[in-house]
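Data block below; observations after.
Number of protein chains: 2
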Amino acid sequence: MSEESTPGPKESPPAEPRAGSREVWKKGGRLLSVLLAVNVLLLACTLISGGAFNKVAVYDTDVFALLTTMMLLASLWILFYLLRTVRCPNAVPYRDAHAGPIWLRGGLVLFGICTLVMDVFKTGYYSSFFECQSAIKILHPLTQAVFVIVQTYFLWVSSKDCIHVHLDLTRCGLMFTLTTNLAIWMAAVVDESVHQTHSYDSSHSNTSHLRLALDLEQRAGSSVGGDCSCNTVICQIFQQGYFYLYPFNIEYSLFASTMLYVMWKNVGRLLASSTHGHGHTPSRVSLFRETLFAGPILGLMLFMVGLAVFIIYEVQVSAEGGRLQQALVIYYSFNIICLGLMTLVSLSGSVIYRFDRRAMDHHKNPTRTLDVALLMGAALGQYAISYYSIVAVVVGTPRDLLGALNLAHALLMIAQHTFQNVFIIESLHRGPPGAEPHDTTPKEPCHGLTFANLDALHTLPGCPPTPRLVGTNPVGPQEAVAIILAPRGHWRRRCLKDISLFLLLCNVILWIMPAFGARPHFSNTVEVDFYGYSLWAAIVNICLPFGIFYRMHAVSSLLEVYVLS
Amino acid sequence: MSEESTPGPKESPPAEPRAGSREVWKKGGRLLSVLLAVNVLLLACTLISGGAFNKVAVYDTDVFALLTTMMLLASLWILFYLLRTVRCPNAVPYRDAHAGPIWLRGGLVLFGICTLVMDVFKTGYYSSFFECQSAIKILHPLTQAVFVIVQTYFLWVSSKDCIHVHLDLTRCGLMFTLTTNLAIWMAAVVDESVHQTHSYDSSHSNTSHLRLALDLEQRAGSSVGGDCSCNTVICQIFQQGYFYLYPFNIEYSLFASTMLYVMWKNVGRLLASSTHGHGHTPSRVSLFRETLFAGPILGLMLFMVGLAVFIIYEVQVSAEGGRLQQALVIYYSFNIICLGLMTLVSLSGSVIYRFDRRAMDHHKNPTRTLDVALLMGAALGQYAISYYSIVAVVVGTPRDLLGALNLAHALLMIAQHTFQNVFIIESLHRGPPGAEPHDTTPKEPCHGLTFANLDALHTLPGCPPTPRLVGTNPVGPQEAVAIILAPRGHWRRRCLKDISLFLLLCNVILWIMPAFGARPHFSNTVEVDFYGYSLWAAIVNICLPFGIFYRMHAVSSLLEVYVLS
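Read top to bottom, the protein sequences are chains A and B. For the first sequence, UniProt numbering begins at 1 and goes up steadily by one. For the second sequence, UniProt numbering begins at 1 and goes up steadily by one.
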């Protein structure tokens with residue numbers, strides 16, 4: 001609901017009567033769809049959170065029924081949309097060049113395929129004891145498979161659309177589909193948290209958390225369907241398999257949500273001719289060269305070491321015996337080194353930008369706005385966990401090696417998120433490499449006025465707010481220097497490409513670890529003892545999914561940074 | 001972090017070198033201050049939430065120490081800011097006419113005075129057993145009093161400033177002060193929730209929640225300071241008094257936060273000459289006439305009845321005996337009638353707008369953007385409570401009169417919030433009464449072009465996106481009708497003024513009830529039995545403060561609607 005309806009420099013005045021889009025008040029239509037989304041989402045949230053608690057009389061079948069209904073409705077709307085845009089060719093007069101870049105759509109297809117495999121596993125798992133449970137549990141993965149196929153096709157072909165017919169209906173439909181994805185995401189996160197807690201409790205069931213563990217055993221029992229149990233080998237494989245595929249389903253829902261949000265922002269948007277989308281479409285020639293190779297090689301080394309550390313950690317934690325301490329020391333040491341290097345590299349990237357003379361890109365760009373908001377918002381999850389860890393270590397009494405490692409890890413985590421965000425956000429706002437200051441020499445009619453009468457400028461109605469003036473004026477006297485330095489800019493670009501590739505690989509390994517089940521938060525006893533198990537579990541289970549999403553999203557943003565710089 | 005840096009129509013191009021504000025990239029400065037605010041806020045959040053749990057080894061003295069430090073630092077920064085703007089007259093070249101309207105500043109002073117009284121009570125309360133507790137507990141209310149005085153003066157004189165010196169420092173200072181206010185708000189909300197839960201438990205201590213009640217007794221004991229207890233009459237009065245003044249402190253912090261946020265958005269902003277701030281400054285002549293009197297009279301009646309219902313409810317709930325059922329029936333019946341009337345009135349207001357021909361105001365206006373975001377965001381709290389209630393009543397087995405009333409109440413609450421938000425947001429986006437379509441007759445040079453060559457318009461670089469074109473073009477053919485109907489517009493304006501006054505009074509009574517301690521959520525056993533006490537208490541204690549803030553904020557927005565329509 002931000003004040004973005006003021007026409008930006010790239011948009012023509014919205015009074016154009018062509019294509020039937022005579023929208024007097026864009027925010028009114030948005031308001032309607034946001035209200036719909038909020039209400040549906042809260043209803044889903046209520047049922048899902050109620051279903052997660054064993055004591056509450058909301059069952060997982062209720063949640064499955066709701067999700068199935070939502071997915072069917074969303075699929076129907078998508079089919080209606082596709083049919084309509086095919087039949088009415090001038091429904092989409094503009095396409096947003098920034099929306100739905102190829103790596104986002106490629107990632108969507110990849111995660112979509114993994115989700116389909118997960119659905120096959122789930123169907124197989126529930127079919128193993130078909131006779132003793134409700135049909136909705138088999139119907140749900142099948143509907144999800146249909147929904148994923150329809151939605152992936154829809155986003156592949158339509159993610160750049162700026163549609164101009166049935167504005168309010170399209171907004172509501174997009175918001176409903178977005179809500180469906182978020183509901184699926186919430187349900188998956190809750191399911192995974194319950195599963196993680198269950199596997200934690202079954203390995204710690206001799207501690208004082210026995211009561212909770214028993215509750216969860218019962219829940220796990222009930223989710224298998226009353227009296228039936230998963231005894232056959234194939235059923236066990238199905239069960240194991242679909243839990244390992246959850247992270248992909250979670251990412252699929254989030255990817256789809258971000259693309260749907262951008263489509264929603266683009267409904268009824270009027271763009272200048274599409275040739276104006278300059279620079280942000282990368283030249284294919286420079287896509288895979290021009291690096292110094294130091295970044296990718298160092299990144300790959302860290303990636304391999306990280307994978308080894310992760311496997312060692314998982315083996316030692318799941319093995320019975322006193323090697324938990326050793327596993328944690330290895331895990332934290334690797335993370336501290338990796339985070340420290342990433343912090344330094346991000347910082348040096350920001351330093352390089354201080355010598356960079358490319359103009360800042362002030363164009364309106366819903367995709368980038370969303371990227372920035374998601375990076376900042378998702379970082380909050382890891383920030384919160386780190387602050388709780390810091391308080392527990394600093395206030396808590398036992399000070400040992402693990403406490404010190406934990407503290408260093410938490411502090412570096414905060415620093416790394418902060419500096420990486422600063423680097424990525426600054427990178428995304430730089431103009432393309434070609435837009436060095438000296439190519440903005442053609443003066444607009446108002447440019448002369450700017451210098452002739454500065455005070456009169458802002459009262460002048462006819463003077464357009466040309467964004468290119470912004471970057472050029474302050475560096476005006478240095479244009480000659482910029483031209484001389486142009487060959488050395490090549491060196492800066494190589495450095496930036498190396499930095500983004502290194503950070504990308506590090507983010508991938510830091511995504512893999514928590515996404516596939518490393519939970520030092522619980523293996524380490526500092527926080528569990530300080531906050532109590534239930535409070536700490538609530539903190540971690542709410543915040544960690546955001547932290548995992550942050551890594552995924554940082555990877556896609558860094559890929560964009562790599563291509564753009 | 002939204003994409004608002006694209007210069008809006010009212011702003012001149014940001015390349016103006018006067019007053020030293022040659023900011024290449026506004027978002028970079030904002031990013032820095034947001035990162036500072038997020039980190040400080042999360043640290044405060046960690047300590048406050050840790051301090052709220054009795055089992056966690058974070059004590060309220062830690063929280064007090066943090067808050068005291070933050071308030072001292074914020075006060076110092078404010079004094080520095082005031083000194084600097086006094087010394088350097090051209091530091092504030094522009095003033096935002098929309099920011100800090102008189103009712104907001106008046107409310108701030110009113111709540112500030114109540115907060116000062118609360119601080120006196122708190123100091124008196126803690127002084128009663130000075131010898132046996134840490135000095136920070138007396139230092140904290142004294143520092144808060146100083147902070148409130150300094151900040152209220154600062155916001156009174158500076159809330160309209162668009163400052164143009166030390167941009168990054170000012171942004172960080174404003175964000176830090178904002179964070180301080182939010183931390184005070186969180187601490188107050190947590191304290192009040194603990195107190196509410198404590199008074200609930202002391203009246204239900206014969207139920208199964210005995211363990212929790214004992215925990216809280218211990219906590220209440222510890223907050224009184226170890227072995228000392230509050231025995232004297234004057235100490236009891238101080239204690240009672242400061243708990244009743246908490247709602248004002250909470251509102252003070254939120255009012256100050258919103259004004260600081262708008263100041264933060266206005267840092268480095270370039271505005272056209274201030275005479276352009278048309279219409280949103282109300283003419284004083286029309287401030288208190290032109291109503292049909294039906295709205296205020298009906299509103300006042302509902303207000304008086306509501307007050308009586310509230311007192312009856314409080315007396316019957318606190319009295320021992322079986323009159324709880326009766327009290328709840330009265331409470332819910334009044335709320336259902338009140339919410340139903342408000343829904344109908346909001347709807348009729350929206351219907352009136354369908355016949356209104358005033359142009360929509362598309363100007364950039366950070367104050368309004370924030371108002372809309374806060375209305376939508378704060379409504380989420382009451383939405384969430386209502387959805388949890390609905391699920392509990394629908395899924396839960398016992399269906400009686402109270403269940404039906406509860407369900408109707410929850411459904412009407414959702415409808416009322418939705419329609420009231422739609423009405424308020426639409427009202428805030430209407431142009432002032434003078435801006436009827438027929439006064440935009442002077443055509444800009446581009447206006448002719450719009451009709452001459454529609455397709456060329458959006459590729460034309462020199463054509464400014466004049467927002468007034470937006471509203472006028474679609475109604476172009478009806479201009480004659482608008483002129484004829486002008487006298488009848490007066491009738492519409494009277495209706496809208498009546499509607500806003502009626503809604504305002506209803507929101508005040510619906511604010512008073514929960515703010516001063518009515519908690520039918522716990523007196524009513526439906527949800528407590530369904531979700532269990534601890535889960536339901538968590539839901540209500542997190543969401544209700546937002547619901548209470550919504551009422552307060554709706555009152556200030558409705559006052560604005562009343563003045564503007």
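All C-beta atoms, glycine included, are put in the ideal place defined by N, C-alpha and C.
query: Proximity test, Cβ basis, 8 angstroms: Tyr331 of chain B and chain A; result: no
query: Helix, strand or coil at Arg430 of chain A according to DSSP, with G and I counted as helix; result: strand
query: Spatial distance of Asn388 of chain A from Tyr313 of chain A (CA atoms); result: First, the amino acid is wrong: residue 388 of chain A is Tyr here, not Asn. Rounded to whole angstroms, Tyr388 of chain A to Tyr313 of chain A spans 23 angstroms at the Cα level.
query: For Ala99 of chain A, the first and last residue of its enclosing alpha helix (DSSP H); result: Ala99 of chain A -> no alpha helix (DSSP H), and no H or E assigned at all.
query: Supposed close pair Ser556 of chain B, Leu104 of chain B - CB separation, criterion 8 angstroms; result: 6 angstroms
query: Residue span of the alpha helix (DSSP H) that contains Val555 of chain A, given as start and end; result: 533–564
query: Within 8 angstroms, strictly: CB atoms of Phe310 of chain B and Arg492 of chain B; result: no
query: For Met552 of chain A and Gly349 of chain A, the rounded distance between their alpha carbons; result: 20 angstroms
query: Per-residue burial, Met301 of chain B [other beta carbons within 10 Å of its own, 16 or more giving buried]; result: exposed
query: 8 angstroms Cβ cutoff, Lys27 of chain A in contact with chain B; result: yes
query: His429 of chain B at chain A interface by Cβ criterion, 8 angstroms; result: yes
query: Status (buried if at least 16 other CB within 10 Å, exposed otherwise) for Arg171 of chain A; result: buried
query: Val56 of chain A: first and last residue of the uninterrupted alpha helix (DSSP H) it sits in; result: Careful: Val56 of chain A lies outside any alpha helix (DSSP H) and carries neither H nor E.
query: Proximal residues of chain B, C-beta to C-beta of Gly532 of chain A below 9 angstroms; result: Phe53, Lys55, Val56
query: Alpha helix (DSSP H) segments (min. 4 residues) lying fully within the stretch 357–439 of chain B; result: 366–395, 401–428
query: Simplified DSSP state of Cys45 of chain B, which is helix, strand or coil; result: helix
query: Cβ contact (3+ pairs, closer than 8 angstroms) linking the stretch 149–169 of chain A and the stretch 90–104 of chain A; result: yes
query: Within-8 angstroms CB hit, Glu426 of chain B to chain A; result: yes
query: Buried versus exposed, by CB contacts within 10 Å (16 or more), Leu67 of chain B; result: buried
query: Within chain B, partners of Leu535 of chain A - CB distance below 7 angstroms; result: Phe53
query: CB contact below 8 angstroms: Val38 of chain A versus chain B; result: yes
query: N- and C-terminal bounds of the alpha helix (DSSP H) containing Phe238 of chain A; result: 233–266
query: Coil, strand or helix - Cys495 of chain A by DSSP; result: helix
query: Heavy atom of the ligand HEM within 7 angstroms of Leu142 of chain B beta-carbon; result: You won't find the ligand HEM in this model; it holds no ligand whatsoever.
query: For Cys88 of chain B, the three-state DSSP class (helix, strand or coil); result: coil
query: Boundaries of the alpha helix (DSSP H) in which Arg354 of chain B is found, first to last residue; result: 324–354
query: Where Cys162 of chain B falls: helix, strand or coil (DSSP); result: strand
query: Chain B contact for Leu544 of chain A (CB, 8 angstroms cutoff); result: no
query: Exposure label - Val345 of chain A; buried when at least 16 CB within 10 Å; result: buried
query: Nearest candidate by alpha-carbon position, reference Val34 of chain A, set B:Val563, B:Ser386, B:Gly377, B:Gly403; result: B:Gly377
query: Residues of its chain near Val394 of chain B, where Cβ-Cβ distance is below 8 angstroms and the 5 sequence neighbours each way are ignored; result: Leu407
query: Residues near Phe423 of chain A by beta carbon distance below 6 angstroms, same chain, minus five either side; result: Ser346, Gly349, Ser350
query: Contact the stretch 28–44 of chain A vs the stretch 145–159 of chain A: 3+ CB pairs below 8 angstroms; result: no
query: Short-range partners of chain A found in the stretch 348–363 of chain B, where Cβ spacing is below 9 angstroms; result: Ala359, Met360, His362, His363
query: Reduced DSSP secondary structure (H/G/I, E/B, other) of Gly517 of chain B; result: coil
query: Interface residues of the stretch 394–413 of chain A facing chain B [CB-CB below 9 angstroms]; result: Val395, Gly396, Thr397
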